[in-house]
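Using the working numbering, read the sequence shown as starting at -15 and increasing by one per residue. Glycine included, C-beta positions come from ideal geometry on N, C-alpha and C. Input: a single structure, listed below in structure tokens.
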Amino acid sequence: DIGDIVRGRDLYLGNTHESTQRIILENNLKEIFENIYDNLKDNEAKKHYKKNDKDPGFFKLREDWWEANRETVWKAITCEVKSGSDYFRPTCGSDENNATLAKNNCRCKDKKTGKDDTDQVPTYFDYVPQYLR
């Protein structure tokens, strides 16, 4: 899942031949978030996200960036889905037993308008560990 990759929590299970690509991806993400950190203007923010031995990969910054941008990322990767735009399981709604499928561009219906045009990320399990999904 892209959120796990951005946050540095992807398990990267599967093809062991891709390990070189995984290392390259993780290094690129660290570089990207280091650049974001270097361009922070607010000293309090810099102090909050300071790189140290406990957070060498800017994981706190990555986590907060994902929280702030996940809807935009989801919209960007689903905006032109022509086929296969049904999410693989019922994910719209807050109750797993009454959830519905996200059928139009992988988006949930807006409760007020009834249209499938919300930017809600249709996953109530975004922060559930991968091995439990």
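Q) Between the C-alpha atoms of residue 30 and residue 18, what's the straight-line distance to the nearest angstrom? A) The count along the sequence shown starts at 1 and reaches residue 30 at position 46. The count along the sequence shown starts at 1 and reaches residue 18 at position 34. Rounded to whole angstroms, residue 30 to residue 18 spans 11 angstroms at the Cα level.
(Q) Starting from residue -12, trace the alpha helix (DSSP H) in both directions and tell me its first and last residue. (A) Locating residue -12 in the sequence shown gives position 4, counting from the first residue. For residue -12, the enclosing alpha helix (DSSP H) has its first and last residue at -14 to -9.
Q. What span of residues does the alpha helix (DSSP H) with residue 29 cover, start to end?
A. As a working mapping, residue 29 is identified with position 45 in the sequence shown. Run containing residue 29: 27 to 32, per the alpha helix (DSSP H) assignment.
Q: Determine the burial state of residue -5: buried for a count of at least 16 other Cβ atoms within 10 Å of its Cβ, exposed for fewer.
A: Indexing the sequence shown from 1 puts residue -5 at position 11. Exposed is the label assigned to residue -5, since fewer than 16 other Cβ atoms lie within 10 Å of its Cβ.
Q) At what residues does the alpha helix (DSSP H) containing residue 22 begin and finish? A) What you label residue 22 is simply residue 38 of the sequence shown in a count that begins at 1. In this chain, the alpha helix (DSSP H) harbouring residue 22 covers 3 to 22.
Q) If you compare alpha carbons, which of 39, 6 and 49 is closest to residue 24? A) Walking along the sequence shown from the start, residue 24 turns up at place 40. If we check each option's Cα against that of residue 24, 49 comes out closest.
Q. What number of angstroms, rounded off, separates the C-alpha of residue 3 from the C-alpha of residue 52?
A. Within the sequence shown, residue 3 is the residue found at index 19, counting from 1. Within the sequence shown, residue 52 is the residue found at index 68, counting from 1. So the alpha carbons of these two residues sit roughly 29 angstroms apart.
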